[in-house]
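Numbering (our numbering), first residue to last: -2 to 312.
Glycine included, C-beta positions come from ideal geometry on N, C-alpha and C.
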Ligand code: SF4
């Protein structure tokens, strides 16, 4: 058979679509419908195709990916943790990630997978949206801040170096200064490596859009600025703490400068590495490389190559 066309080194694979959670601000359950998981065989076939085309990293995606419950050939329901284990058995696949997850679907089995499966990267995007139990209830998230913090603690017990990322909405209807302060406290407690934060904006057709206690725009803007300053501090501290770490990074894009390559660390930090002739990639797509993190910035880190790259490592 002819060799498949060369695909990207890092590929996305949809395993699940839709969502049954009905967070009160979100349109996904209305626009994308109920949760549907792809059968295990379909996921594995696609993963094999991606790996044959050159992917060394696969990110499993779904609106609520950790609710995955696809059918195996024998009709049994397979969890996301089991699916990750099956994918980890593909020898040429080196890195696995998944996104986006809901705290309520972080099962003990999935948490344990972070400690048990080395190919599962030490990074998890786990949105909480607010640190206030009152607001979490109004958002219909169906968990409290302390349950989220307990999950983070269990994840860190399973995989001590795991990097946590999150999503936040500020100025949700009814959010008081006290609620917002609880969000800041949670951010400090978690120590996020990355995070996305937004001002609440009403989505037509969702319950929260109908709420009467909308937060005035200037208050939202002021809270967002305070939250983003704290998150930036947290990300910079995480990057700074990684200086000196030796990690295998996936470099898959050329940078602006001669010999410069860009990619991601296992902890999903953006990294740039300057390669000399002795460790240049023979494959123009890049590859995996052992580096030492030597410098940290607010949004990225810089690495120094530790090993010359052989052809096999570059493929
Ligand atoms: S925010 Fe996420 S979990 Fe909540 S309804 Fe939307 S897609 Fe589902």
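- No heavy atom of the ligand SF4 is found nearer than 7 angstroms to the CB of residue 62.
- Non-local beta-carbon contacts of residue 137 in its own chain, meaning distances under 8 angstroms to residues more than five positions away in sequence, involve 18, 19, 20, 21 and 204 in chain order.
- Not one heavy atom of the ligand SF4 lies closer than 7 angstroms to the C-beta of residue 169.
- If the five residues before and after residue 101 are omitted, its C-beta is found closer than 7 angstroms to the C-beta atoms of 139 and 140, all from its own chain and listed in chain order.
- Counting of Cβ neighbours within 10 angstroms places residue 192 among the buried residues, the total reaching 16 or more.
- In the DSSP annotation of this structure, residue 199 is not part of any alpha helix (DSSP H), being labelled neither H nor E.
- Comparing alpha carbon positions, the residue from 59, 12, 6 and 34 closest to residue 25 is 59.
- CA-to-CA, the gap between residue 69 and residue 224 works out to about 43 angstroms.
- Between the segment 288 to 302 and the segment 98 to 118 there are fewer than three C-beta pairs closer than 8 angstroms, too few to call the two in contact.
- Leaving aside the five residues that flank residue 106 on each side, the residues in its chain whose CB is nearer than 7 angstroms to its CB run, in chain order, 76 and 78.
- The segment 42 to 52 and the segment 4 to 19 touch, with three or more beta-carbon pairs separated by less than 8 angstroms.
- If you look at residue 92, you'll find it in the beta strand (DSSP E) that goes 92 to 96.
- Taking the Cα positions, residue 148 is about 16 angstroms away from residue 133.
- With fewer than 16 other Cβ atoms inside 10 Å of its own Cβ, residue 72 counts as exposed.
- Exclusion of the five residues before and after residue 199 leaves 205 and 206 as the residues of its chain whose Cβ lies within less than 7 angstroms of its Cβ.
- Under the Cβ criterion (8 angstroms, minimum of three pairs), the segment 212 to 219 does not count as touching the segment 233 to 248.
- DSSP places residue 58 in the uninterrupted beta strand (DSSP E) bounded by 54 to 58.
- Taking the C-beta atoms as reference points, residue 81 is found no nearer than 8 angstroms to residue 118.
- A distance below 8 angstroms separates the beta carbons of residue 176 and residue 131.
- Between the alpha carbons of residue 249 and residue 298 lies a gap of roughly 15 angstroms.
- For residue 9, the three-state secondary structure derived from DSSP is strand.
- Taking residue 63 as reference, the option from 23, 11 and 226 with the minimal CA-CA separation is 11.
- Take residue 170, set aside five residues on each side of it, and the residues of its chain with a beta-carbon closer than 6 angstroms to its own are 205, 208, 210 and 211, in chain order.
- Per DSSP, residue 245 lies in no alpha helix (DSSP H) segment; the continuous beta strand (DSSP E) that holds it begins and ends at 243 to 251.
- For residue 66, the pairing in a beta bridge is given by DSSP as 76.
- A distance below 6 angstroms between beta-carbons, with the five flanking residues on each side excluded, links residue 95 to the following residues of its chain, in chain order: 57 and 62.
- With contacts defined by Cβ atoms closer than 8 angstroms, residue 44 and residue 87 form a contacting pair.
- Taking the CA atoms as reference points, residue 182 sits about 11 angstroms from residue 146.
- About 11 angstroms separates the beta carbon of residue 260 from that of residue 244, a gap too long to meet the 8 angstroms contact definition.
- Collapsing the DSSP output to three states places residue 301 in a strand.
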